[in-house]
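In the working numbering, the protein residues as written are 2 to 72.
C-beta: ideal position from N, C-alpha, C; glycine also.
Keep in mind it's a predicted model, so treat the numbers as computed, not measured.
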């Protein structure tokens, strides 16, 4: 079996509805430009507040993808 290398990046997704949708937004957006996404790990959740009310849910997500070198 060939050896593999993976790169890990950190993203922040936002949603006005939920943390789950915020995390999904981060992954779905990353998938548009990155290939071979492997793992997504939610590492932090927070909320954007305005006048004491929740305006947005935010999810910080670590995403790993297979590192490829173009020949």
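Query                                                                                                                                                             : Result
If you check the beta carbons only, do residue 27 and residue 38 fall under 8 Å apart?                                                                            : no
Tell me which residues share the same chain as residue 22 and place their Cβ nearer than 6 Å to its Cβ, disregarding the 5 neighbours each side in the sequence.  : 16
Using a Cβ-Cβ cut-off of 6 Å (strictly less than) and excluding sequence neighbours within five positions of residue 77, which residues of its own chain qualify? : One cannot answer for residue 77 here, as it falls past the ends of the chain, which runs 2 to 72.
Determine whether the beta carbon atoms of residue 59 and residue 50 lie at a separation below 8 Å.                                                               : no
Taking residue 61 as the reference, give the member of 34, 46, 54 with the closest Cα.                                                                            : 46
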